[in-house]
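With positions in the sequence shown counted from 1, the corresponding number in the numbering used here is that position plus 61.
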Amino acid sequence: MSHLDAVRSPADLKALPAAELPALAGEIRDFLVDKVSKTGGHLGPNLGAVELTIALHRVFDSPRDRLVWDTGHQAYVHKILTGRQAGFDQLRQGGGLSGYPSRVESEHDVIENSHASTALSYADGLAKAYALRGERRAVVAVVGDGALTGGMCWEALNNIAAAKDRPVVVVVNDNGRSYAPTIGGLAEHLARLRVSPGYESMLGAVRTTLGRTPVVGPPLYDALHGMKKGFKDFVAPQVMFEDLGIKYIGPVDGHDIGQLEAALRRARDFGGPVIVHAVTRKGFGYRPAEDDEADCLHGPGAFDAATGKEPAKSGRQWTAVFGDELVRLGAEDPTVVAITAAMLGPVGLAGFAAAYPDRVYDVGIAEQHAVTSAAGLAMGGLKPVVCLYATFLGRAFDQLLMDVALHRLPVTFVLDRAGVTGPDGPSHHGMWDLAYLQVVPGLTVSAPRDARRLAELLRDAVARQDGPSLVRFPRGGVGADIDAVDRVGGVDVLHAAPDADVLLVSVGPMATVALDVAERAAAQGIGVTVVDPRQVLPVDPALVAMAGRHRLVATIEDGLRVGGIGARLGLELADSGVAVPVRPFGLPTQFLEHGSRDQVLAAHGLTGQAIARALVEVVTASVPEESAETTEDA
Numbered sequence: 062m063s064h065l066d067a068v069r070s071p072a073d074l075k076a077l078p079a080a081e082l083p084a085l086a087g088e089i090r091d092f093l094v095d096k097v098s099k100t101g102g103h104l105g106p107n108l109g110a111v112e113l114t115i116a117l118h119r120v121f122d123s124p125r126d127r128l129v130w131d132t133g134h135q136a137y138v139h140k141i142l143t144g145r146q147a148g149f150d151q152l153r154q155g156g157g158l159s160g161y162p163s164r165v166e167s168e169h170d171v172i173e174n175s176h177a178s179t180a181l182s183y184a185d186g187l188a189k190a191y192a193l194r195g196e197r198r199a200v201v202a203v204v205g206d207g208a209l210t211g212g213m214c215w216e217a218l219n220n221i222a223a224a225k226d227r228p229v230v231v232v233v234n235d236n237g238r239s240y241a242p243t244i245g246g247l248a249e250h251l252a253r254l255r256v257s258p259g260y261e262s263m264l265g266a267v268r269t270t271l272g273r274t275p276v277v278g279p280p281l282y283d284a285l286h287g288m289k290k291g292f293k294d295f296v297a298p299q300v301m302f303e304d305l306g307i308k309y310i311g312p313v314d315g316h317d318i319g320q321l322e323a324a325l326r327r328a329r330d331f332g333g334p335v336i337v338h339a340v341t342r343k344g345f346g347y348r349p350a351e352d353d354e355a356d357c358l359h360g361p362g363a364f365d366a367a368t369g370k371e372p373a374k375s376g377r378q379w380t381a382v383f384g385d386e387l388v389r390l391g392a393e394d395p396t397v398v399a400i401t402a403a404m405l406g407p408v409g410l411a412g413f414a415a416a417y418p419d420r421v422y423d424v425g426i427a428e429q430h431a432v433t434s435a436a437g438l439a440m441g442g443l444k445p446v447v448c449l450y451a452t453f454l455g456r457a458f459d460q461l462l463m464d465v466a467l468h469r470l471p472v473t474f475v476l477d478r479a480g481v482t483g484p485d486g487p488s489h490h491g492m493w494d495l496a497y498l499q500v501v502p503g504l505t506v507s508a509p510r511d512a513r514r515l516a517e518l519l520r521d522a523v524a525r526q527d528g529p530s531l532v533r534f535p536r537g538g539v540g541a542d543i544d545a546v547d548r549v550g551g552v553d554v555l556h557a558a559p560d561a562d563v564l565l566v567s568v569g570p571m572a573t574v575a576l577d578v579a580e581r582a583a584a585q586g587i588g589v590t591v592v593d594p595r596q597v598l599p600v601d602p603a604l605v606a607m608a609g610r611h612r613l614v615a616t617i618e619d620g621l622r623v624g625g626i627g628a629r630l631g632l633e634l635a636d637s638g639v640a641v642p643v644r645p646f647g648l649p650t651q652f653l654e655h656g657s658r659d660q661v662l663a664a665h666g667l668t669g670q671a672i673a674r675a676l677v678e679v680v681t682a683s684v685p686e687e688s689a690e691t692t693e694d695a
């Protein structure tokens, strides 16, 4: 039996002799490469956290002691060690194991959102709750150096430091990267510490001191702390963590299980807030990941385990279409600049950064700062384009509303991964934006249906100078262009049915579903005209006028039904005195599980067949009985 087969719980791990742990770590890496190569997932972060996770589960007593992961994409090893090995065959597949911690899956999982820089706030609250309840339980937050670029981390640290008797252990998993190399002043500070000439000798001194000292508690800690402080003052003039009043252990070799265990035990036994600074290497132990300079195989799709190479994607990708068009805009207008939050490659800015390196700003995992900084750029006469995943714009809603829209600033927002994103699950589905963006005065929102419209609408957004604009598109392949047969005002008519009963309004890439609906409904004798408003907010008056010439208006969107574009159109019709019912088709107000985009849409009735059936039933039900025709299943 392999070491990995023998470990089904943290208790099994604790019983394993220390001499056998390096072999276990190797088996875990082999397991990760084998499974993730078949399903896709977050590989690089987990390869770098193997020894750290082993040490955490040997020192702390989960689930009584709470291990909080920030972000959850580095928790695969944690899942393996808490009895979920079998689930990796269906990792991130519909009905299978989540790619992030999941409270439904295991009592060892505490939080499950994958928005970075939150774990320390959770840990602060948990520690306060246990203290008030009189429970002596450790709380451990594992946070990457990339997440420390987020403001919430520092707000939380400020509060954690205020309670000297609450046992919060902050483990900084420092690999110099988030999705890509970490940037900013904090990153430079930690980098100086990692590459200092005295670093290796310091690791040896820490290892020796921790290994030979039998005494635990404040005396040991103070001695170690004093020894380290002199070193840190030499290589890094400002001792950030200690200035906050939090005890510090490190830097610790994050791939040495013995050293990690010793450091974590001292942190656990100290009885107050402690930072353990573990230096790791993203992708460690798998040569293709170590050699991948872009992101250390951060989150590949299925790949060849021998080479680390993914098969080439077929067809055009939404992200690439956007990135290419932005490069062209940058060549035409030197005032166009781009901003992102630690997502330069994933949001398609690599080409722009290569062409115009002085006009792109990666601010780290700091969406709030990104948006208000963009407001300042606009005030300074530039044309900022803020590029984020749709799920992350919610983190900066106040800045969008009060710092950009209130000042009517010409900031363009580009939301990648809008709508249903698939395997990353509820925290990543970009399904909320069309609902909450409704309340932002002066904001225009565009949803392109294809590559040509994406280029056109991006140009329109960047050209606007009297307020903010937003363009959203989904993940994956873009498909063929869909040309209009007519244009009414700013509304594209994609299919015109004579004497149509239904006006079907499609939002963005849902146009393909809408055209399928029209074809299926026509076979049942129901005429459907399909239109794409292109700019979905504010509602085009031409769309309101068109609605008044039909018996029923329906909308299809890959966002929420509640408060979505369909709901907004119904309000506009009512305000205009147009007494036509509106039937919105969209997503329920629920946190949707992971699965492919097609699976999730189908599960919630967003297919041509399901929508056509519903529309035929509505229309035929409104026809007098004597003239109604029998209809078959659409």
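Built from N, CA and C at the ideal position, the CB exists for glycine as well.
Self-check item: Span of the alpha helix (DSSP H) around cysteine 61
Solution: Since the first residue of the chain shown is 62 and the last is 695, residue 61 is not available in this structure.
Quiz prompt | Inter-residue spacing [alpha-carbon to alpha-carbon] between threonine 452 and leucine 113 | solution = The alpha-carbon atoms of threonine 452 and leucine 113 are separated by roughly 29 Å.
Self-check item: Reference leucine 358; option with closest CA among Leu104, Asp485, Leu662
Solution: Cα-wise, what sits closest to leucine 358 is Leu104.
Practice problem: Pick helix, strand or coil for aspartate 206, following the three-state DSSP scheme. | Solution: Three-state result, aspartate 206: coil.
Quiz item: For the candidate residues Asp659, Gly195, Ala110, whose alpha-carbon lies nearest to that of aspartate 317?
Solution: For aspartate 317, the closest C-alpha among the options Asp659, Gly195, Ala110 is that of Ala110.
Exercise. State the DSSP-derived secondary structure class of aspartate 562, mapped to helix, strand or coil.
Key: If DSSP states are grouped into helix, strand and coil, aspartate 562 belongs with coil.
Self-check item: Cβ neighbour criterion (16 or more within 10 Å) applied to leucine 128
Solution: Classification of leucine 128: buried, given that the 10 Å Cβ count is 16 or more.
Quiz item: Can leucine 576 be considered in contact with the ligand PLP, in the sense that its beta carbon sits closer than 7 Å to one or more heavy atoms?
Solution: For the ligand PLP, the structure offers nothing, since it holds no ligand at all.
Quiz item: Are the CB atoms of serine 567 and valine 532 nearer to each other than 8 Å?
Solution: No. Outside cutoff.
Self-check item: Where alanine 652 falls, given that 16 or more other Cβ within 10 Å makes a residue buried
Solution: In the sequence under discussion, the amino acid at residue 652 is phenylalanine, which differs from the alanine named in the question. Exposed: under 16 other Cβ atoms inside 10 Å.
Self-check item: Outcome for glycine 586 when other beta-carbon atoms lying within 10 angstroms are tallied against a minimum of 16
Solution: By the beta-carbon neighbour count (other beta carbons within 10 angstroms, threshold 16), glycine 586 is exposed.
Self-check item: Stretch-stretch touch, CB-based, cutoff 8 Å, three pairs: the segment 669-683 with the segment 569-585
Solution: The segment 669-683, when compared against the segment 569-585, does touch it at the 8 Å Cβ threshold.
Quiz item: Could you give the uninterrupted runs of the beta strand (DSSP E) lying entirely in the segment 646-670, keeping only those of 3 residues or more?
Solution: Segments of the beta strand (DSSP E) lying fully in the segment 646-670: there are none.
Exercise. Using 10 angstroms around the beta-carbon of proline 471, count the other beta-carbons present and answer buried if the total reaches 16, otherwise exposed.
Key: A residue is called buried when at least 16 other Cβ atoms come within 10 angstroms of its Cβ; proline 471 meets this threshold and is buried.
Exercise. Indicate whether the contact test is met: 3 or more Cβ pairs, each with one atom in the segment 406-419 and one in the segment 373-389, closer than 8 Å.
Key: A contact exists between the segment 406-419 and the segment 373-389.
Quiz prompt | Inter-residue spacing [alpha-carbon to alpha-carbon] between alanine 660 and glycine 155 | solution = The residue you asked about is not alanine; residue 660 is glutamine in the sequence shown. Inter-residue distance for glutamine 660 and glycine 155 is about 8 Å (C-alpha atoms, whole angstroms).
Quiz item: Residue range of the beta strand (DSSP E) that asparagine 107 falls in?
Solution: No beta strand (DSSP E) contains asparagine 107, which is instead part of the alpha helix (DSSP H) from 105-108.
Quiz item: Is the CB-CB distance between arginine 119 and lysine 75 below 8 Å?
Solution: Contact check for arginine 119 against lysine 75 passes: the beta carbons are separated by less than 8 Å.
Quiz item: Can you tell me whether threonine 368 is buried or exposed, with buried defined as 16 or more other CB within 10 angstroms of its CB?
Solution: The residue is exposed, with fewer than 16 neighbouring Cβ atoms inside 10 Å.
Practice problem: Put glutamate 618 into one of helix, strand or coil per three-state DSSP. | Solution: Here glutamate 618 sits in strand by DSSP.
Practice problem: Identify the continuous alpha helix (DSSP H) that holds lysine 96 and give its terminal residues. | Solution: Start and end: 82-100.
Quiz item: So what does DSSP say about tryptophan 379, is it helix, strand or coil?
Solution: DSSP, reduced to helix, strand and coil, places tryptophan 379 within a helical segment of the structure shown.
Quiz item: Looking only at C-alpha atoms, which of Ala222, Gly480, Leu495, Phe92 sits nearest to valine 600?
Solution: Of the residues Ala222, Gly480, Leu495, Phe92, the one whose Cα lies closest to the Cα of valine 600 is Leu495.
Quiz item: Which residues in the same chain have their Cβ closer than 8 Å to the Cβ of glutamate 81, if we skip the five residues on either side of it in sequence?
Solution: Only His64 meet the Cβ criterion.
Quiz item: For methionine 463 and chain B, any beta-carbon pair shorter than 8 Å?
Solution: As a matter of chain content, chain B is missing from the structure shown, which is built from one protein chain.
Quiz item: Whose C-beta lies closer than 7 Å to the C-beta of aspartate 226 among residues of the same chain, with five residues either side of it excluded?
Solution: Closer than 7 Å at Cβ, skipping near neighbours: Gly332, Gly333.
Quiz prompt | Neighbour-count burial assignment, methionine 492, 16 or more Cβ in a 10 Å radius | solution = Buried.
Self-check item: glycine 412 - DSSP class collapsed to helix/strand/coil
Solution: Helix, per DSSP.
Quiz item: Of the residues Gly625, Ala608, Arg610, His611, which one's Cα is nearest the Cα of valine 597?
Solution: Ranking Gly625, Ala608, Arg610, His611 by Cα distance to valine 597 puts Gly625 first.
Quiz prompt | At least three beta-carbon pairs within less than 8 Å, the segment 207-220 to the segment 179-197 | solution = A contact between stretches requires three or more CB pairs, one per stretch, nearer than 8 Å, and the segment 207-220 meets this requirement with the segment 179-197.
Exercise. Write down the C-beta distance between threonine 30 and serine 163 rounded to the nearest angstrom, noting that I regard them as a contact closer than 8 Å.
Key: Not covered by the structure: residue 30. The range shown for the chain is 62 to 695.
Quiz prompt | At least 3 beta-carbon pairs within less than 8 Å: the segment 460-471 vs the segment 498-505 | solution = Yes, since at least three Cβ pairs between the segment 460-471 and the segment 498-505 fall closer than 8 Å, the two stretches touch.
Quiz item: Short check: CB of phenylalanine 364 to CB of glutamate 371, under 8 Å?
Solution: With respect to glutamate 371, phenylalanine 364 sits close: the two C-beta atoms are nearer than 8 Å.
Self-check item: Three-state secondary structure (DSSP) of proline 228
Solution: In this structure, proline 228 counts as coil in the three-state DSSP scheme.
Exercise. May I ask you to report which of helix, strand or coil DSSP gives serine 178?
Key: Serine 178 falls in the coil class under three-state DSSP.
Quiz item: Using 8 Å as the threshold, is the segment 79-93 in touch with the segment 305-325, meaning 3 or more CB pairs across them?
Solution: Result yes; three or more Cβ-Cβ pairs closer than 8 Å.
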